[in-house]
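Asker: Pasting a structure below so you can have a look.
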């Protein structure tokens, strides 16, 4: 049973990698090329707000589902999985409006700041904090 658990975790991680691998084909994100150039003097791209927001929400939803699956499969705890989902939603609720403000001001707040806000919006970075946190929590509860 443990082997199946880790196979499913690996599949969910591959799902996250897959979202990243096909991002340019399935998501509308004109800022991907802008930030890929790593040049703060690149021209600000034209974009459509509605499409941009819709695609960021879609991408976040995919990452959230896969991240929640990973947390559940590792810890087999519905309460912790719900807490992880809430934590990821809170981080997104904070970073997404900030990133949209950065876009609105054409990254005047700072190129690197905007770059990292975008990372929190499009990548499941919070998962890298949640898993060690829950492992620690699990260890503390066993002692």
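Numbering (the numbering used here), first residue to last: 1409 to 1551. Cβ coordinates follow ideal geometry from the N, Cα and C atoms, glycine included.
#1: Quick one: what's got a C-beta closer than 7 Å to residue 1421's C-beta in the same chain, skipping five residues either side?
#2: Who are the Cβ neighbours of residue 1474 in its own chain at under 6 Å, not counting the five residues just before and after it?
#3: Check the C-beta distance from residue 1443 over to residue 1526 and give it rounded, since I have them as a contact under 8 Å.
#4: Please report the Cβ distance between residue 1465 and residue 1436, rounded to the nearest whole angstrom; I am assuming they are in contact, meaning their Cβ atoms lie under 8 Å.
#5: Just the C-alpha distance for residue 1487 and residue 1503, rounded to the nearest angstrom, thanks.
#6: What are the boundary residues of the alpha helix (DSSP H) that includes residue 1487?
#7: So, using beta-carbon positions, are residue 1538 and residue 1501 closer together than 8 Å?
Answerer: In short, the structure shows the following:
#1: Beyond the five residues adjoining it in sequence on each side, residue 1421 comes within less than 7 Å, by CB distance, of 1478 in the same chain, given in chain order.
#2: Excluding positions up to five away in sequence, the list reads 1420, 1423, 1424.
#3: Correct: roughly 7 Å between the Cβ atoms.
#4: Not confirmed; about 11 Å, so no contact.
#5: Cα-Cα distance, rounded: 24 Å.
#6: DSSP places residue 1487 in the uninterrupted alpha helix (DSSP H) bounded by 1486-1512.
#7: Taking 8 Å as the Cβ cut-off, residue 1538 and residue 1501 do not qualify as a contacting pair.
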